[in-house]
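Just remember that the working numbering sits 12 ahead of the position in the sequence shown, which is counted from 1.
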Amino acid sequence: METISDLIATWGDTFWTWLVLPVVVLLGLYLTVRSGVVQFRLIPDMFRTLTDKTPKGEDGKPQSVSAFQAFTISAASRVGVGNIAGVGTAIAVGGPGAVFWMWLMAFIGGASSFVESSLAQLYKTKDATGFRGGPAYYMERGLGARWMGVLFSAVLIVCFPIAFSSLQANTIQATLSGSFGGETPSWLPLVTGATLAILMAAVIFGGVRRIASVTQTLVPLMALLYLLLGLIIVGLNIQEIPAVFATIFTSAFGAQQVTGAALGYVILTGIKRGMFSNEAGLGSAPNAGASAAVTHPVKQGLVQTLGVYFDTFLICSITAFIVLVGTPDLAGAAKGIALTQNAISGALGPWANVLLTVIIFLLAFSSILGNYYYGESNIEFLSAGKRVLTGYRVFAVAAVFAGAIVSADIVWNLADGIMGVMALINLIAIALLSGVAFKLLRDYTQQRREGKDPVFTRDRLPELRGVEQWADERSVTGVIRVPQAPGSTR
Numbered sequence: 013m014e015t016i017s018d019l020i021a022t023w024g025d026t027f028w029t030w031l032v033l034p035v036v037v038l039l040g041l042y043l044t045v046r047s048g049v050v051q052f053r054l055i056p057d058m059f060r061t062l063t064d065k066t067p068k069g070e071d072g073k074p075q076s077v078s079a080f081q082a083f084t085i086s087a088a089s090r091v092g093v094g095n096i097a098g099v100g101t102a103i104a105v106g107g108p109g110a111v112f113w114m115w116l117m118a119f120i121g122g123a124s125s126f127v128e129s130s131l132a133q134l135y136k137t138k139d140a141t142g143f144r145g146g147p148a149y150y151m152e153r154g155l156g157a158r159w160m161g162v163l164f165s166a167v168l169i170v171c172f173p174i175a176f177s178s179l180q181a182n183t184i185q186a187t188l189s190g191s192f193g194g195e196t197p198s199w200l201p202l203v204t205g206a207t208l209a210i211l212m213a214a215v216i217f218g219g220v221r222r223i224a225s226v227t228q229t230l231v232p233l234m235a236l237l238y239l240l241l242g243l244i245i246v247g248l249n250i251q252e253i254p255a256v257f258a259t260i261f262t263s264a265f266g267a268q269q270v271t272g273a274a275l276g277y278v279i280l281t282g283i284k285r286g287m288f289s290n291e292a293g294l295g296s297a298p299n300a301g302a303s304a305a306v307t308h309p310v311k312q313g314l315v316q317t318l319g320v321y322f323d324t325f326l327i328c329s330i331t332a333f334i335v336l337v338g339t340p341d342l343a344g345a346a347k348g349i350a351l352t353q354n355a356i357s358g359a360l361g362p363w364a365n366v367l368l369t370v371i372i373f374l375l376a377f378s379s380i381l382g383n384y385y386y387g388e389s390n391i392e393f394l395s396a397g398k399r400v401l402t403g404y405r406v407f408a409v410a411a412v413f414a415g416a417i418v419s420a421d422i423v424w425n426l427a428d429g430i431m432g433v434m435a436l437i438n439l440i441a442i443a444l445l446s447g448v449a450f451k452l453l454r455d456y457t458q459q460r461r462e463g464k465d466p467v468f469t470r471d472r473l474p475e476l477r478g479v480e481q482w483a484d485e486r487s488v489t490g491v492i493r494v495p496q497a498p499g500s501t502r
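Here's what the structure looks like:
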């Protein structure tokens, strides 16, 4: 079993090093330059759009989830194991310098995230529960390549609701085991798996609106809890922070090889763990971004870019500070979640493991819900049959149960490889469609310069094909504009 895991890990590293990594970096830089550094230039608009009201339909009800709810669905998937176990693994394997490369790729990847989520909004469709969309949809409608969308959907379904959700469940179980101390009770994995499966089923059989309502509550709560815990530890060790920053930057360029990792491996580890955590360019977040009812596709592109920053610059950074303050000497240190657990308990005492267990549960469970939604969106792209959707839901619940009772080593390595395949397919698609995203961006910025709240309709870019929504201003905004009589001041 260990040999199989090593073979998968070797294949994954080779695939990432020679193919995925160059594409991620070069395309991110290209999109950054072509967009005029949109991920930095329009940061104020990211916060402004986050509070937009949801346009209503003719029945007076919201057309779909709000921009903020779509943000929380994607954040639910982003903020999870990658922020705690993933960052801990990145530091243990690639050294503190991996954190710098996570930061840098979050900024560069912000442009990729903007493009993919704007495209997902443009090419979205509508069903009985609201809007649907994502890479599979813009591959079919924007590129006219349904085969590409089918391939992407199949890879995503294996990657997120199966592999990644299994990892989330496994991390919850491992954290509970660590909080017991000593030998883990034999019944714990089974009880944990069954409990997670029941809770997940109760939520997902209620549809996307129930998922949105749950994540809208869980994500802010879990983020605040974890940030508070991290800030307390940082505050207690504030004098160590300059040294932590120095270690991160010197290790990033090979000047201080704390773990003996070669510079190239430090960069590779940072980028892989960064993409696993913030999902910029991976093609997952656009599935959530497309579900929002907004007045312009660019708005949701900006909101999803903000999600990348929220994930990496806040949550991941807090984990890095906790680990590096609590474990300045990484030689012989534990890996993954155990590294973070040890750092927290060392700083605050054993009681903190109980609080961390609660936080891990909230983080990982919300990620499971976000992962499930991504899979559902792509299942409906492949087949609209209710039996297929029901079968998928049962299978997703079973994957979570299994994840709590099996070893995660092979799944981690396999998930890395699958994630690379998924990212590569999506990056090729957004590279080919980037010109459309830049047209949308120009339309948005022109309306902003005119002092308007940007509203997009199909007739503004009539040359585009495959756009189903955005028929007219009334359907987009949910507002009927009554022409004013000449001389009227109302």
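Even glycine gets a Cβ: it sits at the ideal position worked out from N, Cα and C.
Quantities reported herein were computed from a predicted structural model and do not represent experimental measurements.
The beta carbon of E252 sits closer than 7 Å to the beta carbons of V337 from its chain, once the five residues preceding and following it are set aside; these are given in chain order.
Under the criterion of beta carbons closer than 8 Å, N290 and T324 qualify as touching, at roughly 5 Å.
About 15 Å separates the Cβ atoms of G301 and A441, ruling out a contact at the 8 Å cut-off. Look at the beta carbons and you see the region 159-171 touching the region 429-443: at least three pairs across the two are nearer than 8 Å. The shortest CA-to-CA distance from R486 to any of G478, V215, R470, V479 is the one to R470. Less than 8 Å separates the beta-carbon of R472 from that of D455.
Inside the region 98-145, DSSP marks whole alpha helix (DSSP H) runs of 4 or more residues at positions 99-106, 109-134, from first to last along the chain. DSSP places A300 in the uninterrupted alpha helix (DSSP H) bounded by 297-301. In the three-state DSSP reduction, A304 falls in the strand class (E or B). If you look at S357, you'll find it in the alpha helix (DSSP H) that goes 349-360. For Q481, the secondary structure class from DSSP, reduced to helix, strand or coil, is coil. Annotated three-state conformation of G48 is coil, per DSSP.
Per DSSP, reduced to three states, the secondary structure at I330 is helical. In the structure shown, the three-state DSSP call for L168 is helix. With respect to the C-alpha of L452, the residue from R399, M234, A132 having the closest C-alpha is A132. Of all C-beta pairs linking the region 115-135 to the region 44-64, three or more are shorter than 8 Å, placing the two stretches in contact. By the criterion of a C-beta distance shorter than 6 Å, G415 is surrounded in its chain by S178, A181, N182, once the five residues flanking it on both sides are discounted.
In this structure the region 304-322 lies against the region 55-62, because at least three pairs of beta carbons, one per stretch, are closer than 8 Å. Below 8 Å, too few C-beta pairs join the region 106-114 and the region 24-42 to call them touching: fewer than three. For L436 against V45, the beta-carbon gap comes to about 21 Å, at or over 8 Å, which does not count as contact.
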